[in-house]
Amino acid sequence: MADPRFFLTTPPKTLAELAGIAEAKLADGTNPDQLIADVATLETAGPEHIAFIANRRYVRAFTESKAGAFLVEPTLVERAPAGMAVLVCDKPRRAFARIAAAFHPEETPEATIHPTALIDPSARIGRDVGIEAHVVIAANVSIGDGCRIGANTVIERGVELGAGCVIGNNATLSYCLIGARVQIASGAVIGNTGFGYDLDASGRTKVPHLGRVIIEDDVEIGANTTIDRGSGPDTVIGRGTVIDNLVMIAHNVRIGRGCILVAQAGVAGSSILGDYVTLAGQVGVANHSTIGDRAVIAGKSGVLSHVPAGAVYAGYPAMPIREWRRLVGQQRLAYKGKGSKDE
Amino acid sequence: MADPRFFLTTPPKTLAELAGIAEAKLADGTNPDQLIADVATLETAGPEHIAFIANRRYVRAFTESKAGAFLVEPTLVERAPAGMAVLVCDKPRRAFARIAAAFHPEETPEATIHPTALIDPSARIGRDVGIEAHVVIAANVSIGDGCRIGANTVIERGVELGAGCVIGNNATLSYCLIGARVQIASGAVIGNTGFGYDLDASGRTKVPHLGRVIIEDDVEIGANTTIDRGSGPDTVIGRGTVIDNLVMIAHNVRIGRGCILVAQAGVAGSSILGDYVTLAGQVGVANHSTIGDRAVIAGKSGVLSHVPAGAVYAGYPAMPIREWRRLVGQQRLAYKGKGSKDE
Amino acid sequence: MADPRFFLTTPPKTLAELAGIAEAKLADGTNPDQLIADVATLETAGPEHIAFIANRRYVRAFTESKAGAFLVEPTLVERAPAGMAVLVCDKPRRAFARIAAAFHPEETPEATIHPTALIDPSARIGRDVGIEAHVVIAANVSIGDGCRIGANTVIERGVELGAGCVIGNNATLSYCLIGARVQIASGAVIGNTGFGYDLDASGRTKVPHLGRVIIEDDVEIGANTTIDRGSGPDTVIGRGTVIDNLVMIAHNVRIGRGCILVAQAGVAGSSILGDYVTLAGQVGVANHSTIGDRAVIAGKSGVLSHVPAGAVYAGYPAMPIREWRRLVGQQRLAYKGKGSKDE
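Chains as they are written, first to last, in this note's numbering: chain A, -13 to 329; chain B, -13 to 329; chain C, -13 to 329.
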């Protein structure tokens, strides 16, 4: 499945090995020594592949699949076609992710420092660090053990990275303290001054931004995303939060742990997100808003002030999604009731 | 018209030459030897310029124009002011584009490889390739004949570019196979891992993204746009599709031929666009959506599932634009009927 | 308050000095020789700090603050707790910004040209210019006195920068003429060709973009923002306008003086904004729109054609905000009237 120009492929593995990797159980009668060569999708899998089913919508394709083996939930075991090996687990998607990673381990770039990289003598560089070409590392920067820094990336004065971080190409990191195992994709700009002015008819005074960006462990940040530093308080991204491409996080924003911010979402200044909050794509959050733990904001919605913990909101201004769905439904009914025809 | 600091200007041309370039016909009585020095807009053109009219809204300005010559549709020939030379053609805007390109040909950067560019010995570089300063080209990359690669751009392992591609500055290309004559503007990030996780209370497992980005011939991609690679299937951009700045294309998305994606649009994972689809600015398409051939989605709309071929949709959730227009109109009428005054 | 890894801190200052910097007046009985060590926020300030209050919402926190000194409006002087020194001024936020800048002056990078920077011999470089590593400056570029150019930035042929500009890292400037004291953040792409095509069933002709980007004095442009050059007319950003991160400005757009464009806003081709216009975050402006002086467009709104001077608009399509608020309120009332319960 994986193009060898881009991905490594490890040798075939027995079902017993795969069950170990996936923390799955072989269904009764399955041969533990059967060899599987690779992962594949439901539709494309052949006898040498293992696939998975995580959604009942695909049961039919599952029952007709030619895959040699499948990762399935307990309730679907009986639906497997004759001759297919079955690995039973509670979370087939997660199990598949682990097996895929075992067949195609990510290649870590070498832990070498390219001679064109410019590293200030005062910078502290850990062990087993890889730094690509034309990287610029300024005074008093600290890079933890095992980090990888992509080509043409600039790390400004005083920035600290914990162990095991991976930074893409052409990124800029400034005014930030970054935890362990953080991944920042190419083109991201972290630590720029916030967009804060005192304005009136007599002109504009830029408010000095004296805060930092604090990025906790295990955060992931997408390509060309921008995170501004705080104005005095810090901008904070909590542990394990994942942020997609082209997202904007403004000054003083505090994001909790385990949040998910999908592409092109934007969070305005001084807003606070709790833990495990989800912002779907293109969501906007107005400044000084608060969003409670585990709240979910549907795509393109606009949060103007407060969303309670656990709520699912949609629309603009954002409201409980059940309310929004009925509102949208009623609008369309009202329209149709006036005698027009759908296109 | 064109600032010589930025654009070349070729010598004046006769109307006969211009008619040839534009595939236009000289109107009766036009002197084929009349010289024109440059293109200009309707409002700014003088006797030495050629302009065009493509929209009836501007007929009055046309009849009062001082331009030496005009490109016009057949139906407007009679409205030309006395003494103006007229070139008749079906598509004046397209004809004008060709004449503008003849007066101001794009300067191709030289086909030289800057000594600071770092090119892995295993990379295959075609003939007449230009590679600017500080470019990094990794192992097994293939660059087709006549390509131009802008400064500080990074091309990761295994990437292939067809002939005649033009890549801007500070871009990152990875995990992608690119056709001929593709243009990718500065700051674009192609091939980053998709935003796919298996999440639950016990934590997060990153789904390995083992697919690629396939970009077919004659595609154009704007500045700071991001296109993620597939999770197993590929992300595909069909032949001749044009994508504006700051657009997000997620993993596994398949876009057909000749589509137009305007700035800040976003397409979520596994969605499918047919051929000749238009997404206007800031449109969002939810994951697993399908949009039929030649459908048009109005600016800022949100597509949640399916748009039929040929339809014009607007709103959020997107609906047929006729329906949306009436709905918006009724809302405002209802509001006004309650006795309030417009501001 | 400010982390010494990132910010300079100057020595303590007397209240008399601070009053001079802030153009504030010491309240009666204040000791002009009292020393203040730093600025701080309302909540975190101690006896050695000066803070400010600009919003009556925080009066309670003010009356309980432990700050040594406060910047307050005349009407709040009497509410100050006993023992707190008070500096009276009309604009406490602005005064605070000035004092913060005095305690933590921005460190200007050195006016040196890094040996890895590539500067075409025909380029004109002013006095006291700082150019960081791996910068590429092409033929006939002109850089004014006192400019600072960040690492890995590319400045294409013919571009001109006035005195005192500050450009970030990994930016691309092309086809543009830039005034004095302009700030452009990392990753911005200025001067790319506009997104203009002549399209029909027979194919696509790219319209040559022969205009420029004109950026007047004192403009600020955020990270990863993109501004396309004009198609013949120029794209113009007026004096003192500030543009946040990830904003898109299309070809031929004309933006007046002192405008504010918040993050992820987008302005489509040939639209015109007057002076002192505000576009809040994620606003979209359709092409050929006009927005009058001092108009304000609320976040996420979509402007389809015209907004009068001084108006405050919201919604999509954008309407007077008072109208939009009532419309939204009525919709929710109508919905609630049908017997459903809020979540």
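All C-beta atoms, glycine included, are put in the ideal place defined by N, C-alpha and C.
In the structure shown, what three-state DSSP assignment does residue i receive?
{"i": "Gly315 of chain A", "result": "helix"}
{"i": "Leu196 of chain C", "result": "coil"}
{"i": "Val145 of chain C", "result": "coil"}
{"i": "Tyr44 of chain C", "result": "helix"}
{"i": "Gly6 of chain A", "result": "helix"}
{"i": "Leu330 of chain B", "result": "Since the first and last residues shown for chain B are -13 and 329, residue 330 of chain B lies out of range."}
{"i": "Arg113 of chain A", "result": "coil"}
{"i": "Thr49 of chain A", "result": "helix"}
{"i": "Arg280 of chain B", "result": "coil"}
{"i": "Ile105 of chain A", "result": "strand"}
{"i": "Val269 of chain B", "result": "coil"}
{"i": "Glu206 of chain A", "result": "strand"}
{"i": "Arg65 of chain B", "result": "helix"}
{"i": "Arg134 of chain B", "result": "strand"}
Nearest CA to the CA of residue i: which residue from the options?
{"i": "Arg42 of chain A", "options": "A:Ala55, A:Val63, A:Pro(-2)", "result": "A:Val63"}
{"i": "Val175 of chain A", "options": "C:Ser160, C:Gly267, C:Gly208, C:Val121", "result": "C:Gly208"}
{"i": "Thr98 of chain A", "options": "A:Ala87, A:Ile135, A:Pro306", "result": "A:Ile135"}
{"i": "Val205 of chain C", "options": "C:Ile164, C:Val193, C:Lys192", "result": "C:Ile164"}
{"i": "Tyr44 of chain C", "options": "C:Asp24, C:Val25, C:Ala66, C:Glu34", "result": "C:Ala66"}
{"i": "Val72 of chain C", "options": "C:Lys52, C:His90, C:Val269", "result": "C:Lys52"}
{"i": "Leu(-12) of chain B", "options": "C:Tyr161, C:Gly301, C:Arg243, C:Ala13", "result": "First, the residue type needs correcting, since residue -12 of chain B is Ala and not Leu in the sequence shown. Residue C:Tyr161 is the option with its Cα nearest to Ala(-12) of chain B."}
{"i": "Ala5 of chain C", "options": "C:Val248, C:Glu142, C:Leu313, C:Ala88", "result": "C:Ala88"}
{"i": "Lys192 of chain A", "options": "A:Ile200, A:Phe181, A:Arg198", "result": "A:Phe181"}
{"i": "Ile235 of chain B", "options": "B:Asp203, B:Gln268, B:Tyr262", "result": "B:Gln268"}
{"i": "Ile246 of chain B", "options": "B:Thr227, B:Arg240, B:Glu29", "result": "B:Thr227"}
{"i": "Leu159 of chain B", "options": "B:Arg167, B:Leu185, B:Ala124, B:Gly150", "result": "B:Ala124"}
{"i": "Arg60 of chain A", "options": "A:Leu12, A:Val282, A:Gly242", "result": "Just to set this straight, residue 60 of chain A is Pro in the shown sequence, not Arg. Selected option, being the one with the closest Cα: A:Leu12."}
{"i": "Phe82 of chain A", "options": "A:Leu28, A:His100, A:His292, A:Gly130", "result": "A:Leu28"}
So is residue i buried or exposed if we call it buried at 16+ other beta carbons inside 10 Å?
{"i": "Asn332 of chain A", "result": "What the structure shows of chain A is the stretch from -13 to 329, and residue 332 of chain A is not part of that stretch, so it cannot be assessed."}
{"i": "Arg110 of chain C", "result": "exposed"}
{"i": "Ala26 of chain B", "result": "buried"}
{"i": "Asn231 of chain A", "result": "buried"}
{"i": "Leu(-6) of chain C", "result": "exposed"}
{"i": "Ser287 of chain C", "result": "buried"}
{"i": "Gly189 of chain A", "result": "exposed"}
{"i": "Gly173 of chain C", "result": "buried"}
{"i": "Ser108 of chain B", "result": "exposed"}
{"i": "Asp76 of chain A", "result": "exposed"}
{"i": "Glu96 of chain C", "result": "exposed"}
{"i": "Gly252 of chain C", "result": "buried"}
{"i": "Gly69 of chain A", "result": "exposed"}
{"i": "Lys324 of chain A", "result": "Residue confidence for Lys324 of chain A is low, a pLDDT of 48 falling below 50, so the modelled location carries little weight; the figure read from the coordinates is stated next. Label assigned to Lys324 of chain A: exposed."}
{"i": "Asp14 of chain C", "result": "exposed"}
{"i": "Glu142 of chain B", "result": "buried"}
Just grab the DSSP bridge partners of residue i for me.
{"i": "Cys151 of chain C", "result": "BP columns for Cys151 of chain C are empty, so no partner."}
{"i": "Val121 of chain A", "result": "According to DSSP, Val121 of chain A bridges with nothing at all."}
{"i": "Val74 of chain C", "result": "C:Lys11, C:Val58"}
{"i": "Arg240 of chain B", "result": "B:Val222, B:Ile258"}
{"i": "Val175 of chain A", "result": "A:Thr158, A:Thr212"}
{"i": "Arg190 of chain B", "result": "B:Leu185"}
At what residues does the beta strand (DSSP E) containing residue i begin and finish?
{"i": "Val58 of chain B", "result": "55 to 58"}
{"i": "Ala254 of chain C", "result": "Looking at the DSSP string, Ala254 of chain C is not in any beta strand (DSSP E), and its letter there is neither H nor E."}
{"i": "Thr221 of chain B", "result": "221 to 223"}
{"i": "Ile36 of chain A", "result": "35 to 38"}
{"i": "Thr299 of chain B", "result": "One detail in the question is off: residue 299 of chain B reads as Tyr in this sequence, not Thr. Here the beta strand (DSSP E) through Tyr299 of chain B covers 298 to 300."}
{"i": "Leu232 of chain C", "result": "Leu232 of chain C -> no beta strand (DSSP E), and no H or E assigned at all."}
{"i": "Asp184 of chain B", "result": "183 to 186"}
{"i": "Thr212 of chain A", "result": "212 to 214"}
{"i": "Ile99 of chain A", "result": "No beta strand (DSSP E) contains Ile99 of chain A, which DSSP labels as neither H nor E."}
Could you spell out the range, first to last residue, of the alpha helix (DSSP H) harbouring residue i?
{"i": "Ala86 of chain C", "result": "78 to 89"}
Please list the residues of the region 255 to 276 of chain A that have a C-beta atom closer than 9 Å to any C-beta atom in chain D, keeping them in chain order.
-> Absence of chain D from the displayed structure is noted, the protein chains being A, B and C.
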